[in-house]
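Residue numbers (UniProt numbering): 1 to 389.
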């Protein structure tokens with residue numbers, strides 16, 4: 001017997017990162033010494049105190065049972081305490097916090113938790129490719145907000161088609177931004193709240209890189225903006241802040257109705273997370289954040305080291321204010337895809353083509369700051385020998 005996938009699954013977008021990994025693996029299998037700058041997977045270990053908290057919790061028989069459907073109260077309280085301590089934001093842990101198995105789950109499930117088939121949502125372009133998965137699964141319409149360097153990769157709401165704005169019911173933002181490293185300002189978030197209220201659009205701010213800001217500037221939380229909880233939520237993941245990408249734990253905070261929608265759909269999809277992982281997350285959030293500060297300092301050094309190496313060969317970056325990426329222009333005569341393929345083929349250096357993040361990513365490639373300085377120097381030296389800059 002043969003079973004066909006549903007039409008919904010047939011319309012899912014191609015997994016950009018899976019395709020990129022396949023290309024890199026094929027090059028490495030040929031015997032090439034590939035320097036992989038295309039990944040977005042944290043390379044540092046999870047802090048030891050978090051691992052120990054997990055080990056102790058795993059040995060506790062109470063953590064072997066089903067979790068509460070909507071997550072452990074102690075983790076929701078830790079998330080609320082974290083936002084109060086770090087951002088000065090007050091949250092009701094029961095009504096304004098939803099526990100997620102990594103923020104990707106929340107970002108993919110939100111469209112079919114809040115929208116009906118045929119409704120319209122706004123996504124940033126360039127943006128995180130997996131946002132498109134939620135669009136396909138929810139069978140909603142997609143309109144893109146084109147982002148550009150001359151506007152600091154912030155959407156210009158005045159330039160959006162009024163008809164599209166009138167139809168839109170949900171909007172995603174992501175700052176610090178993947179793939180560009182751009183950061184949002186308090187003034188931008190104030191405009192966002194005003195725009196959302198005026199047009200009755202729900203806002204979802206993906207704060208995955210919220211801990212990672214450069215040059216002494218800390219990324220701003222959307223919820224610090226007056227009125228933000230009236231129009232939207234923010235998703236937060238422990239993947240980047242604490243090197244817990246494989247642990248799959250995060251949370252959403254903010255608007256009570258949107259949080260309830262997340263909790264309701266998850267009541268039917270999951271039984272929350274393994275309680276021991278939630279205990280480890282509590283340890284991370286309740287800590288003094290010294291491990292996070294050390295990590296940010298490491299990424300700052302890597303950014304500066306890579307920029308210095310790139311500038312030596314005449315490759316000028318877009319100035320990143322956060323996240324752990326460098327957004328690099330493509331030389332004249334090449335598309336993003338062609339340039340990325342050339343680097344992999346001729347220099348054994350892997351980068352992510354900007355078009356993997358949307359049409360507005362054309363003309364750039366994304367470099368992950370997830371290796372140490374000597375490899376950055378070697379990668380740029382290899383690229384420099386191609387004589388493209």
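Ideal placement from N, C-alpha and C gives every residue a C-beta, glycine not left out.
- Annotation for residue 251: the continuous beta strand (DSSP E) segment containing it runs 250-254.
- Taking the Cα of residue 232 as reference, the smallest distance to any Cα among 203, 95, 283 is reached at 203.
- Comparing alpha-carbon positions, the option among 281, 331, 253 lying closest to residue 92 turns out to be 253.
- Excluding residues up to 5 positions away in sequence, 285, 286 lie with their Cβ nearer than 8 Å to the Cβ of residue 81 in the same chain.
- Between the C-alpha atoms of residue 385 and residue 313 there is a straight-line separation of about 9 Å.
- Taking C-beta separations shorter than 7 Å and ignoring five residues to either side along the sequence, the partners of residue 217 in its chain run 321, following chain order.
- Residue range 141-146 is occupied by the beta strand (DSSP E) that includes residue 146.
- When beta bridges are read from the DSSP output, residue 97 appears opposite 253.
- Distances from the CA of residue 197 to each of 227, 131, 346, 378 were compared; the closest alpha carbon is that of 227.
- With fewer than 16 other beta carbons inside 10 angstroms of its own, residue 6 counts as exposed.
- Taken in chain order, the complete beta strand (DSSP E) segments of 3 residues or longer contained in the region 41-114 are 97-100.
- Taking the Cα positions, residue 50 is about 8 Å away from residue 281.
- In the displayed model, residue 1 falls within coil according to three-state DSSP, outside both helix and strand.
- When DSSP states are grouped into helix, strand and coil, residue 332 belongs to the coil group.
- For residue 212, the secondary structure class from DSSP, reduced to helix, strand or coil, is coil.
- Within its own chain, the residues whose Cβ lies closer than 7 Å to the Cβ of residue 39, once the five positions on either side in sequence are excluded, are 368, 370, listed in chain order.
- Restricting attention to beta strand (DSSP E) runs no shorter than 3 residues, the region 274-331 encloses them at 325-329, ordered along the chain.
- For residue 205, no alpha helix (DSSP H) encloses it; the enclosing beta strand (DSSP E) starts and ends at 202-206.
- Annotation: residue 218 is outside any alpha helix (DSSP H) and is labelled neither H nor E by DSSP.
- Here residue 237 is bridged, per DSSP, to 250.
- If the five residues before and after residue 164 are omitted, its C-beta is found closer than 6 Å to the C-beta atoms of 143, all from its own chain and listed in chain order.
- Excluding sequence positions up to five before and after residue 46, its CB lies within less than 8 Å of the CB of 242, 243, 244, 247, all in the same chain and listed in chain order.
- With fewer than 16 other Cβ atoms inside 10 Å of its own Cβ, residue 9 counts as exposed.
- Assigned with DSSP and collapsed to three states, residue 12 falls in coil, not helix or strand.
- When rounded, the separation of the alpha-carbon atoms in residue 140 and residue 298 is 40 Å.
- The shortest CA-to-CA distance from residue 327 to any of 348, 183, 190, 219 is the one to 183.
- Assigned with DSSP and collapsed to three states, residue 374 falls in helix.
- Counting along the chain, no beta strand (DSSP E) covers residue 162; the unbroken alpha helix (DSSP H) around it starts and ends at 162-167.
- Relative to the Cα of residue 153, the nearest Cα in the group 359, 135, 125, 219 belongs to 125.
- Per DSSP, the beta bridge partners of residue 35 are 349.
- When rounded, the separation of the alpha-carbon atoms in residue 223 and residue 63 is 32 Å.
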